[in-house]
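Engineer: When you read off a place in the sequence shown, starting at 1, and then add 1, the result is the number in the numbering used here. Note that the Cβ used here is the ideal one computed from N, Cα and C, for glycine as well. For clarity, every value in this text was computed on a predicted model and none was experimentally measured.
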Amino acid sequence: MQDEMLRYAKFVGALDLPSGQRAVEHFEEVGMKTKLLSSPEASEIAKLTETTYFGLLIAWAQEVERYCVKLGINYDEVVSFYEEIKFFPPVKYFPGEIGGHCVMPNIDILLQKFPSALLQAIVQSNTLRQKNLGPEGWLT
Numbered sequence: 002m003q004d005e006m007l008r009y010a011k012f013v014g015a016l017d018l019p020s021g022q023r024a025v026e027h028f029e030e031v032g033m034k035t036k037l038l039s040s041p042e043a044s045e046i047a048k049l050t051e052t053t054y055f056g057l058l059i060a061w062a063q064e065v066e067r068y069c070v071k072l073g074i075n076y077d078e079v080v081s082f083y084e085e086i087k088f089f090p091p092v093k094y095f096p097g098e099i100g101g102h103c104v105m106p107n108i109d110i111l112l113q114k115f116p117s118a119l120l121q122a123i124v125q126s127n128t129l130r131q132k133n134l135g136p137e138g139w140l141t
């Protein structure tokens with residue numbers, strides 16, 4: 002757990018600069034990397050959009066898997082092609098259900114404030130995956 006706490010920077014979004022600087026000093030005293038953002042809103046939207054980006058990548062993997070199932074081809078074979086594209090994220094995303102305690106709930110939070118067809122598409126893809134259905138209603 003200590004390794005995890007020290008690996009990632011702690012993003013601080015304080016109400017005012019002195020409070021933010023005190024929080025940064027506290028974290029840095031115990032060896033944590035920090036980044037001071039301009040406000041609590043900046044740190045919150047950073048976290049919401051980071052987890053949503055992860056959800057978007059998984060939703061795309063879900064979609065590609067549906068294509069592969071429909072065509073009777075291997076998902077891993079298809080996505081191995083992406084490894085040649087150096088500006089793509091160097092991770093092969095697993096096309097499973099998006100679960101956990103943050104990605105889908107964070108998308109719901111964003112949707113309450115910012116209606117978005119893109120966010121709805123992530124929700125729809127994950128619903129199809131939960132039901133094991135493709136976009137045309139076929140079973141995977």
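Using the beta-carbon count (16 or more within 10 Å), is Gly14 buried or exposed?
Structural biologist: Along the sequence shown, one-based indexing puts residue 14 at 13. It counts as buried.
Engineer: At what residues does the alpha helix (DSSP H) containing Val80 begin and finish?
Structural biologist: Taking the first residue of the sequence shown as position 1, residue 80 is located at position 79. Per DSSP, Val80 belongs to the alpha helix (DSSP H) from 76 to 81.
Engineer: According to DSSP, is Leu16 part of a helix, a strand, or is it coil?
Structural biologist: Here residue 16 corresponds to residue number 15 of the sequence shown, with the count starting at 1. In the structure shown, Leu16 sits in coil (DSSP, three-state: anything other than H, G, I, E or B).
Engineer: Is Leu72 helix, strand or coil when you go by DSSP?
Structural biologist: Translated into positions along the sequence shown, residue 72 becomes position 71. Correct three-state label for Leu72: helix.
Engineer: Roughly how many angstroms lie between the CA atoms of Ser117 and Cys103, to the nearest whole one?
Structural biologist: Against the sequence shown, residue 117 aligns to sequence position 116. Against the sequence shown, residue 103 aligns to sequence position 102. Each residue's Cα considered, the two are about 18 Å apart.
Engineer: Out of Asp109, Gln125, Lys34, point me to the one whose CA is closest to Asp4's CA.
Structural biologist: In the sequence shown, counting from the first residue as 1, residue 4 sits at position 3. Checking every option, the nearest Cα to that of Asp4 belongs to Lys34.
Engineer: Can you tell me whether Ile86 is buried or exposed, with buried defined as 16 or more other CB within 10 angstroms of its CB?
Structural biologist: One-based indexing of the sequence shown puts residue 86 at position 85. Its Cβ having fewer than 16 others within 10 Å, Ile86 is exposed.
Engineer: With H, G and I counted as helix, E and B as strand and the rest as coil, what does DSSP make of Lys36?
Structural biologist: Position 35 of the sequence shown, counting from 1, holds the residue named residue 36. Strand at Lys36.
Engineer: Taking its Cβ as the centre, do 16 or more other Cβ atoms sit within 10 Å of Gln63, making it buried, or is it exposed?
Structural biologist: Within the sequence shown, the letter at position 62 stands for residue 63. Burial call: buried.
Engineer: Enumerate in chain order the residues of its own chain whose CB-to-CB distance from Thr50 is below 8 Å, with the five nearest sequence positions on each side excluded.
Structural biologist: Position 49 of the sequence shown, counting from 1, holds the residue named residue 50. Answer for Thr50: Leu111, listed in chain order.
Engineer: Measuring only the C-alpha atoms, how far is Arg67 from Val92?
Structural biologist: Here residue 67 refers to the residue found at position 66 of the sequence shown. Here residue 92 refers to the residue found at position 91 of the sequence shown. Those two C-alpha atoms are separated by around 19 Å.
Engineer: So Gly21 and Leu37 are in contact, right, with Cβ under 8 Å, and what is the actual spacing, rounded?
Structural biologist: Translated into the one-based positions of the sequence shown, residue 21 becomes position 20. Translated into the one-based positions of the sequence shown, residue 37 becomes position 36. Gly21 to Leu37, Cβ: 5 Å. Contact.
Engineer: Thr53 and Leu120 look like a contact to me (Cβ under 8 Å); what is the Cβ gap, rounded to whole Å?
Structural biologist: For the purposes of this step, residue 53 is taken as residue 52 along the sequence shown, with counting starting at 1. For the purposes of this step, residue 120 is taken as residue 119 along the sequence shown, with counting starting at 1. So it is a contact: roughly 7 Å between Cβ atoms.
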